[in-house]
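A quick write-up on the structure given underneath.
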Amino acid sequence: MKISAKNESVVKDQLPEKMESKPAEKGKEWLAFEDFQKMELKVGHIRSCRKVEKSNKLLCSEVDLAEGRMRSIVSGAAEFYTPEELTDRKVLVVANLKPVKLMGEASEGMILFSDDNGKLVLIEAPEDVNPGVTVR
22 MKISAKNESV
32 VKDQLPEKME
42 SKPAEKGKEW
52 LAFEDFQKME
62 LKVGHIRSCR
72 KVEKSNKLLC
82 SEVDLAEGRM
92 RSIVSGAAEF
102 YTPEELTDRK
112 VLVVANLKPV
122 KLMGEASEGM
132 ILFSDDNGKL
142 VLIEAPEDVN
152 PGVTVR
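Once you know that position 80 of the sequence shown is 101 in my numbering, the rest is easy, because the numbers rise by one and skip nothing.
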């Protein structure tokens, strides 16, 4: 596929004639664009982070999404990051997940990480982007 910088159009003759009927990852289903649009992705600023008691895997972060209050978000990142390594980072957050309790801790969103062969890698927002900004 080639994108023209002049008019930002896609050269159609280089697009595949037919998309695969299944996603690349086995056992996964295609997600309708309308379903993807339901996700509210925001930039968050982790103001503090701590280990969850009685858990080797969970961290609880207080995240600023510019809502006038902090959100508690629990992540399974303790095997890969210390609380100090996550504190003061700008991150991407799924902001409209239904709140749940994990190991007795409220979790009001999801901090996004990539999975690099079993290792979690934090997905960070650029430092100059403000908390609460919508990711598109």
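Glycine is no exception: its CB is placed at the ideal position from the N, C-alpha and C atoms.
These figures come from a predicted structure and were not determined experimentally.
If I measure Cβ to Cβ from V142 and keep anything under 7 angstroms in the same chain, skipping five residues before and after, which residues do I get? F134 and S135.
Would you identify the three-state DSSP class for E126, choosing helix, strand or coil? Assignment of E126 by DSSP, reduced to helix, strand and coil, places it in the strand class.
Is it true that the CB of E148 sits closer than 8 angstroms to the CB of K119? The Cβ atoms of K119 and E148 lie no closer than 8 angstroms to each other.
For my contact list, L62 and V156 are in at a C-beta cut-off of 8 angstroms; report their separation, rounded to the angstrom. The Cβ separation is near 4 angstroms, so the contact holds.
Going residue by residue through the region 40-109, where are the continuous beta strand (DSSP E) segments of at least 3 residues, counting only ones entirely within it? Within the region 40-109, the complete beta strand (DSSP E) runs of at least 3 residues are 62-72, 80-85 and 91-96.
Exposure label - L107; buried when at least 16 CB within 10 Å: A residue is called buried when at least 16 other Cβ atoms come within 10 angstroms of its Cβ; L107 meets this threshold and is buried.
Sequence-distant residues of its chain with Cβ nearer than 8 angstroms to K140 (five each side left out): Counting only Cβ-Cβ distances below 8 angstroms, and skipping sequence neighbours, we find F101.
Got a sec? Which residues, its chain only, sit under 7 angstroms from D85 by beta carbon, not counting five neighbours each side? Once the five neighbours on either side are set aside, the close Cβ partners of D85 are G65, H66, R68, M91 and P152.
Just confirm the distance between the C-beta atoms of V93 and E126, as a whole number of angstroms; I'd bet it's less than 8 angstroms. It is Ser, not Val, that sits at residue 93 in the sequence shown. In this structure S93 touches E126 by the C-beta definition: roughly 7 angstroms separates them, less than 8 angstroms.
So for V112, helix, strand or coil by DSSP? Strand.
Alpha carbon to alpha carbon, how far is F57 from L80? Whole-angstrom Cα-Cα distance: 27 angstroms.
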